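**Student:** Sharing a structure here in structure tokens format.
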């Protein structure tokens, strides 16, 4: 089975959505793959690396539901589940990481 929501987002779009939910502003800087591999090689020497070469390798691969899985009903819909958008799900996981904490009032919709 391949599980995914109704949207296809880039990694940058995922990060932008995350930052919106936690109400933080950050500059997102594109990093060339060779720089990411170099960083992972150096950080991999640490006891608890922040980035590994395996993570960089995984980031290079598309992580979306394939057309074949959709045709064969090997998806959430195939299990009888309605896929939810990232905007619906993400706040329930990340609200506590807001700058003022989880008890900050939610903005009016």
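In my numbering, the protein residues as written are 1 to 109. Built from N, CA and C at the ideal position, the CB exists for glycine as well. Computed from a predicted model, the values in this text were never measured in an experiment.
Near residue 3, which residues of its chain fall below 6 Å by C-beta distance, leaving aside the five closest residues on each side in sequence?
**Tutor:** Locating residue 3 in the chain shown gives position 3, counting from the first residue. Answer for residue 3: 76, listed in chain order.
**Student:** Should residue 31 go down as buried or exposed, given a rule of 16 or more other Cβ atoms within 10 Å for buried?
**Tutor:** In the chain shown, the residue the question calls residue 31 occupies position 31. It is exposed - the Cβ of residue 31 has fewer than 16 other Cβ atoms within 10 Å.
**Student:** Assign residue 100 to one of two classes, buried (16 or more other C-beta atoms within 10 Å of its C-beta) or exposed (fewer than that).
**Tutor:** For this step, residue 100 is matched to residue 100 along the chain shown. Burial call: exposed.
**Student:** Can you give, in chain order, each stretch of the beta strand (DSSP E) that sits fully within the segment 43-77 and has at least 3 residues?
**Tutor:** You should have found no qualifying run.
**Student:** Taking residue 11 as the reference, which of 103, 5, 96, 62 has the closest Cα?
**Tutor:** Position 11 of the chain shown, counted from the first residue, corresponds to residue 11. Of the candidates 103, 5, 96, 62, the one whose C-alpha sits nearest the C-alpha of residue 11 is 62.
**Student:** Quick check on DSSP: helix, strand or coil for residue 93?
**Tutor:** Here the question's residue 93 lines up with position 93 in the chain shown. Residue 93 falls in the helix class under three-state DSSP.
**Student:** Which residues in the same chain have their Cβ closer than 7 Å to the Cβ of residue 51, if we skip the five residues on either side of it in sequence?
**Tutor:** Taking the first residue of the chain shown as position 1, residue 51 is located at position 51. Around residue 51: 39, 40, 43.
**Student:** Helix, strand or coil, according to DSSP, for residue 8 in the structure here?
**Tutor:** The residue you call residue 8 lines up with position 8 of the chain shown. Note: residue 8 maps to coil in three-state DSSP.
**Student:** On the CB-based measure, 16 or more other CB atoms within 10 Å of its CB, does residue 65 come out buried or exposed?
**Tutor:** By 1-based counting over the chain shown, the position of residue 65 is 65. When all chains shown are included, residue 65 counts as buried.
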